[in-house]
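Worksheet: one structure, shown below.
In our numbering, the protein residues as written are 2 to 215.
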């Protein structure tokens, strides 16, 4: 189900005008569509940020443009001002609900791996999965259960169950999760360095000079 977000068209695209919009709590945005002219709009910053946090970056948005008909859109990209944690700019693209799109979906790891209980370390190289699906069939997340993984085991993209609603486009050989062996700290014997060599002799230049004077 699409989330409705209200938008206003904007004619003046100067940076100073965009900054004024941001001070007023609005985000400058562009709406793109196949065989359609880009449309410059602005949306309420808090409303859009709430949509992004609650629905995710793959949310279907019914963009209700003032004085125009609503458009079904998705996020193409967005920028967040890190110091204020506010949306700085957003790009949307118009979607056809019957046409598949390529997206990246967050991976959620669940379960307490046996290998971790045995002292291993869980490493997750892949945090988002590339897949292709119709806009209203995009999953919110991909769940990976690691409960049975032991030390040295890995969970690959090829280990994911096949789904009817989407096609995984990520390389099947890509590792999602692996359980690394416990890290052991090497014990260094007194008088030796970590390389196993004897510690170098410290020469006191002052003592040598005193011996030469005698």
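Cβ atoms here follow ideal geometry from the backbone N, Cα and C, with glycine treated the same way.
task = Leaving out five residues on either side along the sequence, give the residues of the same chain with a beta carbon under 6 Å from the beta carbon of residue 72.
result = So the qualifying residues of the chain are 64, 95.
query = Which residue comes first and which comes last in the alpha helix (DSSP H) that contains residue 264?
reply = What is shown of the chain runs 2 to 215, which leaves residue 264 out entirely.
query = How far does the alpha helix (DSSP H) with residue 35 in it reach, from first residue to last?
reply = Careful: residue 35 lies outside any alpha helix (DSSP H) and carries neither H nor E.
inquiry  = Just to confirm before moving on: does the CB-CB distance between residue 41 and residue 5 stay below 8 Å?
reply    = Contact check for residue 41 against residue 5 fails: the beta carbons are separated by 8 Å or more.
request  = May I have the straight-line CA-CA distance separating residue 100 from residue 138, to the nearest angstrom?
outcome  = Taking the straight line joining both Cα atoms gives about 11 Å.
query = Between which two residues does the beta strand (DSSP E) harbouring residue 123 extend?
reply = 122–124
request  = Express the C-alpha separation of residue 133 and residue 148 in angstroms, rounding to a whole number.
outcome  = 28 Å
request  = Starting from the Cα of residue 85, find the closest Cα among 26, 66, 131, 164 and give me that residue.
outcome  = 26
task = Quick one: using the 10 Å Cβ neighbour count with 16 as the cut-off for buried, is residue 43 buried or exposed?
result = buried
key: For residue 171, the three-state DSSP class (helix, strand or coil)   = The answer is coil: DSSP assigns residue 171 none of H, G, I, E or B.
ask   = Terminal residues of the continuous beta strand (DSSP E) containing residue 155?
value = 155–157
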